[in-house]
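Residue numbers (our numbering), protein chains in the order written: chain A, 74 to 516; chain B, 70 to 156.
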Amino acid sequence: AASSPTKWYKRHLSWRVRKFPKESHLLGHDTVRALMYYALKVWSDIAPLNFHEVAGSEADIQIDFTKADHDDGYPFDGPGGTVAHAFFPGDSYAAGDTHFDDDESWTFRSPDSHGMDLFAVAVHEFGHAIGLAHTSAKKSIMMPYYQGPVGDPLKYNLPYEDKVHIWQLYGVRDSVSHTARPDVSRTDDPPVLLDLPENRSTVPPAQDAPDRCNTHFDAVAQIRGEAFFFKGKYFWRLTREKHLVSLRPAQIHRFWRGLPLNLDSVDAVYERPSDHKIVFFKGEKYWVFKDNNVEEGYPRLTSDFGLPLEGVDAAFVWPHNDKTYFFMDRRYWRYDDHLRRMDLGYPKDTMLWKGVPTLLDDAMRWSDGSSYFFKGKEYWRVQGSDMEVEVGYPRSIGKDWLACREMQSDSPAADGNGTETRSQGQHHVSHAENGYEVCSCTS
Amino acid sequence: PQITKYKNMRSLKDWLSKFGYLPPPDSVTGQLQTKEALTEAIKAMQKFGGLEETGVLDEATLVLMKTPRCSLPDMSDAGMDSGRQKR
Numbered sequence: 074a075a076s077s078p079t080k081w082y083k084r085h086l087s088w089r090v091r092k093f094p095k096e097s098h099l100l101g102h103d104t105v106r107a108l109m110y111y112a113l114k115v116w117s118d119i120a121p122l123n124f125h126e127v128a129g130s131e132a133d134i135q136i137d138f139t140k141a142d143h144d145d146g147y148p149f150d151g152p153g154g155t156v157a158h159a160f161f162p163g164d165s166y167a168a169g170d171t172h173f174d175d176d177e178s179w180t181f182r183s184p185d186s187h188g189m190d191l192f193a194v195a196v197h198e199f200g201h202a203i204g205l206a207h208t209s210a211k212k213s214i215m216m217p218y219y220q221g222p223v224g225d226p227l228k229y230n231l232p233y234e235d236k237v238h239i240w241q242l243y244g245v246r247d248s249v250s251h252t253a254r255p256d257v258s259r260t261d262d263p264p265v266l267l268d269l270p271e272n273r274s275t276v277p278p279a280q281d282a283p284d285r286c287n288t289h290f291d292a293v294a295q296i297r298g299e300a301f302f303f304k305g306k307y308f309w310r311l312t313r314e315k316h317l318v319s320l321r322p323a324q325i326h327r328f329w330r331g332l333p334l335n336l337d338s339v340d341a342v343y344e345r346p347s348d349h350k351i352v353f354f355k356g357e358k359y360w361v362f363k364d365n366n367v368e369e370g371y372p373r374l375t376s377d378f379g380l381p382l383e384g385v386d387a388a389f390v391w392p393h394n395d396k397t398y399f400f401m402d403r404r405y406w407r408y409d410d411h412l413r414r415m416d417l418g419y420p421k422d423t424m425l426w427k428g429v430p431t432l433l434d435d436a437m438r439w440s441d442g443s444s445y446f447f448k449g450k451e452y453w454r455v456q457g458s459d460m461e462v463e464v465g466y467p468r469s470i471g472k473d474w475l476a477c478r479e480m481q482s483d484s485p486a487a488d489g490n491g492t493e494t495r496s497q498g499q500h501h502v503s504h505a506e507n508g509y510e511v512c513s514c515t516s
Numbered sequence: 070p071q072i073t074k075y076k077n078m079r080s081l082k083d084w085l086s087k088f089g090y091l092p093p094p095d096s097v098t099g100q101l102q103t104k105e106a107l108t109e110a111i112k113a114m115q116k117f118g119g120l121e122e123t124g125v126l127d128e129a130t131l132v133l134m135k136t137p138r139c140s141l142p143d144m145s146d147a148g149m150d151s152g153r154q155k156r
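#1: Comparing C-alpha positions only, which one of A:A210, A:V293, A:K211 sits nearest to A:K450?
#2: Just checking my contact of A:Y405 with A:K421 at CB under 8 Å: how many whole Å lie between their CB atoms?
#3: According to DSSP, is A:I239 helix, strand or coil?
#4: Run down chain A in chain order and give the residues with a C-beta less than 9 Å from the C-beta of B:K116.
#5: Is the CB of A:M109 under 9 Å away from at least one CB in chain B?
#6: So is A:T517 buried or exposed if we call it buried at 16+ other beta carbons inside 10 Å?
#7: Using a Cβ-Cβ cutoff of less than 8 Å, which residues in the same chain neighbour A:F362 once the five nearest sequence positions on both sides are dropped?
#8: Hey, how far is the Cα of A:K80 from the Cα of A:G169?
#9: In chain order, which continuous runs of the beta strand (DSSP E) of length 3 or greater are located wholly inside the stretch 289-374 of chain A?
#10: Output needed for A:L380: all residues of its chain with C-beta closer than 7 Å, excluding positions within five of it in sequence on either side, in chain order.
#11: Considering B:I111, what are the terminal residues of the alpha helix (DSSP H) in which it resides?
#12: Once you ignore the five residues that flank A:T397 on each side, which residues in its own chain have a CB closer than 6 Å to its CB?
#13: What residues from the stretch 130-141 of chain B come within 9 Å of chain A, judged by C-beta to C-beta, listed N to C?
#14: In angstroms, rounded to a whole number, what distance separates the CA positions of A:H384 and A:K355?
#15: Please list the segments of the alpha helix (DSSP H) lying wholly inside the stretch 144-219 of chain A, counting only runs of 4 or more residues, in order along the chain.
#16: Should A:H349 be flagged as near chain B, meaning a C-beta pair shorter than 9 Å?
#17: Taking three-plus beta-carbon pairs below 8 Å as touching, is the stretch 130-147 of chain B in contact with the stretch 216-224 of chain A?
#18: With distances taken between CB atoms, is the gap from A:W179 to A:I136 smaller than 9 Å?
#19: Please confirm whether B:G124 has its beta-carbon closer than 9 Å to some beta-carbon of chain A.
#20: Rank A:W116, A:E177, A:L113, A:F303 by C-alpha distance to the C-alpha of A:K95 and give the top, closest one.
#21: Please confirm whether A:H158 has its beta-carbon closer than 9 Å to some beta-carbon of chain B.
#22: So if DSSP puts A:D409 in a beta bridge, which residue, or which two residues, is it bridged to?
#23: For the alpha helix (DSSP H) that A:A387 lies in, which residues bound it at each end?
#24: If contact means a Cβ-Cβ distance below 9 Å, which residues of the stretch 181-207 of chain A contact chain B?
#25: So what's A:L380 in DSSP terms, helix, strand or just coil?
#26: Going along the chain, which residues of the stretch 125-155 of chain A sit with their C-beta nearer than 7 Å to a C-beta in chain B?
#27: Kindly indicate which residue of A:Y82, A:L475, A:I134 has the alpha-carbon position closest to the one of A:T312.
#28: Out of curiosity, what's the CA-to-CA distance linking A:V90 and A:R106?
#29: From the beta carbon of A:E177, is the nearest beta carbon of chain B less than 9 Å away?
#30: Since A:F199 and A:L122 are thought to touch, with beta carbons under 8 Å apart, how far apart are those beta carbons, to the nearest angstrom?
#31: Using a Cβ-Cβ cut-off of 6 Å (strictly less than) and excluding sequence neighbours within five positions of A:D142, which residues of its own chain qualify?
#32: Quick check on DSSP: helix, strand or coil for A:C286?
#33: Do you know whose CA, among A:D441, A:A436, A:M460, lies nearest A:Y452's CA?
#34: Taking the beta strand (DSSP E) that A:D137 falls in, what are its first and last residues?
#35: Tell me the DSSP secondary structure of A:K80 in three-state form.
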């Protein structure tokens with residue numbers, strides 16, 4: 074096999090899908106992202122690598138669905154033939170980039186004859202993106218020829234040959250046994266429904282679910298490029314395109330696994346720029362999450378950050394300098410997440426942020442390069458590296474972020490009889506049955 | 070139709086070069102590889118693909134070559150290394 078040229082010397086690698094398949098009716102954006110997530114997880118489950126999805130233009134592994142000649146010297150050739158490729162690690166900015174031929178009929182959970190199983194191909198290509206070359210071993214996922222679907226992404230187990238090759242590059246992830254060979258008597262399990270990392274709760278919202286159009290929020294955060302609005306035990310989620318995923322809020326504890334069940338709200342949330350873990354604050358305590366699972370050893374005290382034990386009102390990462398800002402009452406602090414220490418000279422008076430109110434609910438960065446500050450039902454925008462609120466603010470949170478119209482309410486009275494009130498005023502009969510509701514999100 | 074495609078010798082050589090079984094075309098001699106070199110390249114490709122190494126372009130070999138696959142080469146160090154810059 075071709076010798077593997079190099080490997081990544083950092084262990085935290087960012088990824089994003091830059092260009093989605095054009096034929097999006099076959100595989101939606103969320104499904105593509107979920108399949109990429111699981112294909113990368115196959116490798117990070119056994120090797121000490123961590124992958125995190127990011128928004129914006131910077132990512133170690135840029136994923137494109139493209140076709141024909143796409144200006145990298147390796148043109149695709151229409152259906153069949155070459156179906157994908159990836160760039161090995163190295164110094165080039167193209168290192169790790171992974172391209173799929175958009176002329177292929179990409180599928181998931183379809184019979185072999187119906188197209189190209191995206192998960193199987195993605196696992197192979199990400200193998201290249203982290204430094205593996207082709208092998209002639211028949212059972213290896215790094216064999217160059219497409220061999221059909223590999224089954225359920227949640228249950229996929231790399232062939233032993235591939236595990237050995239990745240361990241030779243990066244070592245063994247803690248808690249993984251490198252001596253355990255696969256059970257050869259095991260037969261392949263049939264594919265099962267994909268349990269996506271996103272909220273797919275089938276539990277109907279409780280009566281205490283808040284009204285998103287008529288409330289203030291405990292915390293707001295940009296996580297993996299998406300916006301999360303937290304209120305009480307619930308949160309709403311917006312896609313990177315700022316589309317509300319569901320009018321119904323999801324329950325915090327059903328998604329963010331590991332928070333104490335008696336936690337009735339959070340104060341502030343932010344995604345750490347150093348390793349993309351997510352930090353939740355409540356009073357004097359904080360929790361760190363890897364994806365949506367809490368890390369061991371938490372909660373800990375906010376004094377770890379050099380913050381007072383009274384906690385924080387707001388936390389966000391300023392895109393301008395990649396520093397983390399904490400706001401409490403009329404003071405703010407600047408923290409360096411890469412060095413894990415508070416910058417000298419803080420706290421300072423929030424008056425330095427002209428036009429930003431005191432006693433914030435929370436703040437967040439957004440993909441447009443601006444910072445957003447939330448208080449009550451209103452928000453303020455600060456552009457780029459400015460420290461002054463833009464003209465025209467405050468504006469309505471509900472109207473601009475949460476698909477509310479003027480004077481709209483989605484109170485239980487409007488939502489409790491099996492109908493869903495949409496912002497356009499359309500009424501849709503619910504498919505609720507036996508107290509459960511099956512939802513399909515296609516955006 | 071799949072088989073006839075690789076009866077075109079240039080297509081065969083292109084394929085073998087693309088995936089690293091033949092050296093890249095020389096600027097002076099073009100693709101004037103010897104018959105022996107071609108046979109050895111086919112054998113290497115057959116071996117990598119798990120087929121019997123006959124050096125003959127039989128049906129199983131042609132089917133293998135038509136199988137959808139990754140663009141990266143199998144046998145050369147002229148792979149898609151990171152030193153190659155995107156245009």
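Each residue gets a CB set at the ideal place from its N, CA and C atoms; glycine is no exception.
Considering the structure as presented:
#1: A:V293
#2: Beta-carbon to beta-carbon, A:Y405 and A:K421 are separated by about 6 Å, close enough to satisfy the 8 Å threshold.
#3: helix
#4: Here the neighbours are S209.
#5: no
#6: The displayed coordinates of chain A run from 74 to 516. Any statement about residue 517 of chain A would go beyond what the structure contains.
#7: W329, G331, K350, I351, V352, F353, E368
#8: So the alpha carbons of these two residues sit roughly 10 Å apart.
#9: 292-296, 299-304, 307-311, 341-344, 351-355, 358-363
#10: F399, W406
#11: 104-117
#12: V390, Y408, D410
#13: L133, K135, T136, P137, R138, C139, S140, L141
#14: Per the sequence shown, the amino acid found at residue 384 of chain A is Gly instead of His. Their backbone Cα atoms lie some 7 Å apart in a straight line.
#15: The qualifying runs are 191-202.
#16: At a cut-off of 9 Å between beta-carbon atoms, A:H349 makes no contact with chain B.
#17: Flag = yes, the stretch 130-147 of chain B and the stretch 216-224 of chain A touch.
#18: no
#19: no
#20: A:E177
#21: yes
#22: A:R414
#23: Following the DSSP letters along the chain, one finds A:A387 in no alpha helix (DSSP H) but inside the beta strand (DSSP E) bounded by residues 387-391.
#24: Here the close residues are M189, V194, H197, E198, H201, A206, H207.
#25: A:L380 sits in coil when the DSSP states are folded into three classes, being neither helix nor strand.
#26: D144, D145, G146, Y147, G153, G154, T155
#27: A:L475
#28: C-alpha separation (whole angstroms): 7 Å.
#29: yes
#30: With a Cβ gap of about 10 Å, A:F199 and A:L122 do not count as contacting.
#31: Sequence-distant Cβ neighbours of A:D142 in its own chain, meaning closer than 6 Å and more than five residues away, are P148.
#32: helix
#33: A:A436
#34: Bounds of the beta strand (DSSP E) holding A:D137 are 134-139.
#35: coil
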